[in-house]
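Student:
There are 2 protein chains.
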Amino acid sequence: MIGAMVEQGAFEQGTAPGVLLARGVCRALDGLGFVSVCEYPVTRNLRVDVLALGPRGEVWIVECKSSLADFRADQKWQGYLPWCDRFFWAVGTDFPRAVLPEGSGLFLADSYGAELVQTAPEDKLGAARRKALVLGVAQTAARRLRRFSDPSAQI
Amino acid sequence: MIGAMVEQGAFEQGTAPGVLLARGVCRALDGLGFVSVCEYPVTRNLRVDVLALGPRGEVWIVECKSSLADFRADQKWQGYLPWCDRFFWAVGTDFPRAVLPEGSGLFLADSYGAELVQTAPEDKLGAARRKALVLGVAQTAARRLRRFSDPSAQI
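As given, the protein sequences belong to chains Y and B, one line each in that order. Per UniProt numbering, the first sequence runs over residues 1 to 155. Per UniProt numbering, the second sequence runs over residues 1 to 155.
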């Protein structure tokens with residue numbers, strides 16, 4: 001459940017309900033020892049909601065769906081599978097879970113946190129792609145961090 | 001030269017002169033296509049001023065010295081060499097450069113920017129150590145970024 005104050009703050013920043021679920025998911029991933037980056041472009045035209053890195057470089061992708069309409073509008077999700085070891089959905093408790101494809105993992109989420117209720121089967125990345133993804137996360141996260149820590153820089 | 005307003009702002013945040021040089025160095029690294037992370041712990045007891053990653057995973061370390069006393073107090077710098085492909089000093093224009101050891105690179109820096117005046121010789125990292133460093137930068141940068149983007153989270 002999204003508290004009214006959080007919702008107001010979130011929409012002031014132009015965030016959609018899916019982004020609020022992503023916040024909850026990232027908090028759950030923190031607790032699982034995974035670091036996470038939101039809105040991560042795995043390739044030029046493919047941006048995932050949450051990309052997470054585990055302690056040994058495991059790569060998880062979590063797509064956040066705030067409603068059935070949001071889920072049905074996603075034509076791209078199968079394109080995410082080759083870019084991770086495990087693929088998860090994150091939905092609210094009121095989402096009709098029966099429509100989700102089998103063989104994915106599941107987080108039940110709200111804007112405050114999330115619970116991992118189904119671990120996805122593993123389909124291991126090749127070494128070269130994992131290496132490129134880890135370097136990409138390092139570059140993206142470091143660049144975004146620079147924008148916070150040195151807002152006057154031309155980045 | 002450090003402008004008075006910047007200096008005041010910096011000291012309000014508890015930053016030392018070396019940190020101001022690091023800001024300039026990071027801006028120069030941006031321009032060279034390197035992402036950078038400040039105060040990066042390469043091992044448990046060894047924290048470098050700036051660790052930078054190049055487009056193909058090149059690892060540079062830059063140590064920032066605001067004064068001769070600051071340089072002379074550093075007993076640890078040789079311990080940084082096994083953790084990078086190239087090692088650089090960053091100093092202000094008034095620093096007595098003759099005291100710097102040969103075989104290092106050099107940035108001339110202030111709090112607004114820096115110029116790469118001497119590229120360090122390359123001493124290439126092994127593959128396993130590079131892999132661990134890139135993963136470590138991804139984890140550190142993503143974790144620090146989370147603290148900015150979700151300040152209420154327990155990270």
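Built from N, CA and C at the ideal position, the CB exists for glycine as well.
1) Could you tell me which whole beta strand (DSSP E) segments of length 3 or greater appear in the stretch 38-68 of chain Y?
2) Can you list the residues of chain Y that B:Leu145 reaches, using a CB-CB cut of under 8 Å?
3) Between which two residues does the beta strand (DSSP E) carrying Y:Val117 extend?
4) Looking at the C-beta of B:Asp123, does it have a partner C-beta in chain Y at a distance below 9 Å?
5) Decide if the stretch 106-123 of chain B is in contact with the stretch 22-29 of chain B; the criterion is three or more beta carbon pairs, one per stretch, under 8 Å apart.
6) Can you check whether the CB of Y:Ser149 is closer than 9 Å to the CB of B:Cys38?
7) First and last residue of the alpha helix (DSSP H) that includes Y:Arg23?
8) Using the DSSP secondary-structure output, state which residues sit across from Y:Arg86 in a beta bridge.
9) If we ignore side chains and look at the alpha-carbon of each, how far apart do B:Phe107 and Y:Gly136 end up?
10) Taking 9 Å as the CB-CB limit, is B:Gly18 close to chain Y?
11) What does Y:Gly137 touch in chain B if you count any residue whose Cβ is under 7 Å from its own?
12) Name, in chain order, the residues that DSSP records as bridge partners for B:Gly92.
13) Could you give the first and the last residue of the continuous alpha helix (DSSP H) run that contains Y:Gly136?
14) At a CB-CB cut-off below 7 Å, which residues of chain Y make contact with B:Leu21?
15) Just verifying my parser: in three-state terms, what is the DSSP assignment at Y:Ala73?
16) Quick check: does the Cβ of B:Arg86 come within less than 8 Å of any heavy atom belonging to the ligand ATP?
17) Buried or exposed, going by whether 16 or more other CB atoms sit within 10 Å of the CB of Y:Glu63?
18) Could you pull out every residue in the same chain whose Cβ sits closer than 8 Å to the Cβ of B:Ile155, ignoring the five residues on either side in sequence?
19) Output the boundary residues of the beta strand (DSSP E) element that contains Y:Phe34.
20) Cutting at 6 Å between CB atoms, please list the residues of its own chain near Y:Pro55, excluding the five before and the five after it.
21) Would you list, in chain order, the members of the stretch 70-89 of chain B that have their beta-carbon closer than 8 Å to a beta-carbon of chain Y?
22) Taking 9 Å as the CB-CB cut-off, is B:Ala154 touching chain Y?
23) Does the distance from the C-beta atom of Y:Asp110 to that of Y:Gly24 stay below 9 Å?
24) Starting from B:Leu108, trace the beta strand (DSSP E) in both directions and tell me its first and last residue.
25) Excluding sequence positions up to five away, which residues of its chain have a Cβ less than 8 Å from the Cβ of B:Asn45?
26) For Y:Ala128, does the count of other Cβ atoms within 10 angstroms reach 16, so buried, or fall short, so exposed?
27) Could you please tell me which residues of the stretch 41-54 of chain B, in chain order, have their CB closer than 7 Å to any CB of chain Y?
28) Between Y:Thr43 and Y:Ala132, what straight-line distance do the alpha-carbon atoms span, to the nearest angstrom?
29) Using DSSP with H/G/I as helix, E/B as strand and the rest coil, what is B:Leu100?
30) Please compile the residues from chain Y whose C-beta is within a distance smaller than 7 Å of the C-beta of B:Cys64.
31) Counting C-beta neighbours from all protein chains within 10 Å, is the total for B:Ala4 16 or more, i.e. buried, or is it exposed?
32) Measuring only between beta-carbons, confirm whether Y:Gly126 sits less than 9 Å from chain B.
Tutor: Put simply:
1) 46-53 and 59-65
2) Val37, Ala141, Arg144, Leu145 and Phe148
3) Ala114 to Gln118
4) no
5) yes
6) yes
7) Pro17 to Gly31
8) Y:Trp60
9) 26 Å
10) no
11) Correcting the residue type first, residue 137 of chain Y is Val in the shown sequence and not Gly. Here the neighbours are Ala138 and Ala142.
12) Beta-bridge pairing links B:Gly92 to no other residue.
13) Ala127 to Ser149
14) By Cβ distance, chain Y contributes nothing, its closest Cβ being about 13 Å from B:Leu21, past 7 Å.
15) coil
16) No copy of the ligand ATP occurs in the structure displayed, which carries no ligand at all.
17) buried
18) Arg143, Arg146 and Arg147
19) It is not in any beta strand (DSSP E) - Y:Phe34 carries neither H nor E in the DSSP assignment.
20) Gly33
21) none
22) It should be noted that the sequence gives Gln, not Ala, for residue 154 of chain B. With 9 Å as the cut-off, B:Gln154 counts as an interface residue toward chain Y.
23) yes
24) Gly105 to Ala109
25) none
26) exposed
27) Leu53
28) 11 Å
29) coil
30) Here the premise fails: no neighbours, minimum Cβ distance about 14 Å.
31) With a pLDDT of 36 at B:Ala4, under the threshold of 50, the modelled position of that residue is not reliable, and the figure given next carries that caveat. Burial call: exposed.
32) no
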